[in-house]
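*Asks:* Following this message is one structure expressed as structure tokens.
Protein chains in written order, with my numbering: chain A, 1 to 100; chain B, 1 to 181.
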């Protein structure tokens with residue numbers, strides 16, 4: 001299948017996404033939603049051993065990757081706004097069968 | 001130093017704060033310090049003297065802050081996320097560079113090979129283990145230096161196997177599985 005050329009608007013959208021600084025720290029997410037470390041590991045597709053280090057202090061502290069912060073920010077966005085997303089659109093977003 | 005009331009939980013928090021702000025390692029270093037000008041072993045330092053020395057050294061550091069060092073550390077912090085790793089305070093005062101080392105790939109030899117069975121060094125909780133399937137060289141903000149990072153394919157019996165099939169970990173956070181306690 002031939003790739004579809006982008007409109008100017010679509011190119012702007014790609015720029016918006018690429019430059020977007022969306023991020024939420026595990027501490028912010030943990031303080032806002034009643035979840036355990038396992039849920040955070042599940043959202044970020046990371047092991048529990050890694051997530052535990054995000055919550056340590058001192059020499060055992062390890063920084064999450066920027067991708068982890070974005071995962072948590074997107075999850076937070078969905079938790080806040082899923083009720084505003086039309087059902088059909090929500091299914092297209094979260095149902096794996098719809099992905100190419 | 002001003003100590004909190006001696007309830008076990010606040011004492012624990014006090015100790016945690018000393019660790020978080022790298023004061024505990026400074027106390028330990030002072031206790032065993034030795035060079036041409038000062039040998040702690042000969043001085044029989046009392047706890048009060050030790051704490052006073054620590055406070056004076058921190059005051060001295062505060063009075064002699066250098067913008068170049070602050071800017072370097074801020075740059076390192078912003079490279080990753082918004083959290084400030086307290087371990088940064090323990091670093092020597094040379095502004096860290098986040099650029100790929102000029103001598104790459106002639107840097108420190110990786111400790112582990114593909115196929116090695118490794119586990120995360122246990123902290124408090126149970127840890128995960130698996131097989132090293134790859135590695136890459138990356139800037140480690142907690143060391144303010146570049147380090148090897150490994151891709152670990154989790155064992156089916158590893159606690160997080162139900163959550164994810166693989167994860168990445170810094171070399172210093174891993175140890176061979178057979179060495180694990």
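Cβ coordinates follow ideal geometry from the N, Cα and C atoms, glycine included.
Note that the structure is predicted; figures quoted are calculated from it, not measured.
Do residue 24(A) and residue 92(A) count as a contact pair if the criterion is CB distance below 8 angstroms?
*Replies:* No, Cβ-Cβ distance for residue 92(A) and residue 24(A) is not below 8 angstroms.
*Asks:* Counting Cβ pairs, one atom from each stretch, are 3 or more of them under 8 angstroms apart for the segment 162-177 of chain B and the segment 36-45 of chain A?
*Replies:* Touching, yes.
*Asks:* Start and end of the beta strand (DSSP E) containing residue 117(B)?
*Replies:* It spans 117-120 - the beta strand (DSSP E) in which residue 117(B) sits, taken as one unbroken run.
*Asks:* By the three-class DSSP mapping on this structure, what secondary structure does residue 58(B) have?
*Replies:* Helix at residue 58(B).
*Asks:* Can at least three beta-carbon pairs, one atom from the segment 18-28 of chain B and one from the segment 57-75 of chain A, be found at a separation below 8 angstroms?
*Replies:* Contact between the segment 18-28 of chain B and the segment 57-75 of chain A is present, because at least three Cβ pairs lie under 8 angstroms.
*Asks:* Is any beta-carbon of chain B found at less than 8 angstroms from that of residue 48(A)?
*Replies:* Output row for residue 48(A): interface = yes.
*Asks:* Quick one: using the 10 Å Cβ neighbour count with 16 as the cut-off for buried, is residue 81(A) buried or exposed?
*Replies:* It counts as exposed.
*Asks:* 8 angstroms is my cut-off, CB to CB: does residue 52(A) come that close to chain B?
*Replies:* Yes, residue 52(A) lies at the interface with chain B (some Cβ there is under 8 angstroms from its Cβ).
*Asks:* Check each residue of the segment 54-87 of chain A: if its Cβ is closer than 9 angstroms to any Cβ of chain B, include it; give the result in chain order.
*Replies:* Per Cβ criterion, the list reads 54, 56, 57, 58, 59, 60, 61, 62, 63, 64, 65, 66, 68, 69.
*Asks:* With three or more beta-carbon pairs closer than 8 angstroms as the criterion, would you say the segment 29-42 of chain A touches the segment 1-17 of chain A?
*Replies:* Taking 8 angstroms as the limit for Cβ pairs, the verdict is that the segment 1-17 of chain A does not touch the segment 29-42 of chain A.
*Asks:* Can you look up residue 22(A) in the DSSP assignment and give me helix, strand or coil?
*Replies:* The answer is coil: DSSP assigns residue 22(A) none of H, G, I, E or B.
*Asks:* Residue 22(B) bridges to which residues according to DSSP?
*Replies:* Bridge partners of residue 22(B): none, in fact.
*Asks:* Is the segment 132-139 of chain B touching the segment 113-122 of chain B in the sense that three or more CB pairs, one from each, lie closer than 8 angstroms?
*Replies:* These segments touch.
*Asks:* Show which residues of chain B have a CB atom less than 8 angstroms away from the CB atom of residue 38(A).
*Replies:* Those within 8 angstroms of residue 38(A) in chain B are 163.
*Asks:* Check whether the Cβ of residue 120(B) lies closer than 8 angstroms to any Cβ atom in chain A.
*Replies:* Yes, residue 120(B) lies at the interface with chain A (some Cβ there is under 8 angstroms from its Cβ).
*Asks:* Is the shortest distance between the beta-carbon of residue 28(B) and the beta-carbons of chain A less than 8 angstroms?
*Replies:* So, not an interface residue.
*Asks:* What residues of chain A sit near residue 154(B), judged by a beta carbon separation below 9 angstroms?
*Replies:* The contacting residues are 47.
*Asks:* Buried or exposed, going by whether 16 or more other CB atoms sit within 10 Å of the CB of residue 29(A)?
*Replies:* That one is buried.
*Asks:* DSSP three-state call for residue 138(B): helix, strand or coil?
*Replies:* Correct three-state label for residue 138(B): strand.
*Asks:* Rounded to the nearest angstrom, how far is the Cβ of residue 119(B) from that of residue 128(B), given a contact under 8 angstroms?
*Replies:* Confirmed, Cβ separation roughly 7 angstroms.
*Asks:* Closest Cβ-Cβ distance between residue 141(B) and chain A: below 8 angstroms?
*Replies:* Yes, its Cβ sits closer than 8 angstroms to a Cβ of chain A.
*Asks:* For residue 70(B), does the count of other Cβ atoms within 10 angstroms reach 16, so buried, or fall short, so exposed?
*Replies:* Answer is exposed; the Cβ neighbour count stays below 16.
*Asks:* Go ahead and label residue 150(B) buried or exposed: buried means 16 or more other beta carbons lie within 10 angstroms of its beta carbon, across all protein chains shown.
*Replies:* Result: buried.
*Asks:* Does residue 159(B) get closer than 8 angstroms to chain A when you measure Cβ to Cβ?
*Replies:* For residue 159(B), the answer is yes, since a Cβ of chain A falls inside 8 angstroms of its Cβ.
*Asks:* Report the option in 99(B), 14(B), 47(B) whose CA atom is closest to the CA atom of residue 140(B).
*Replies:* Nearest option by C-alpha distance: 99(B).
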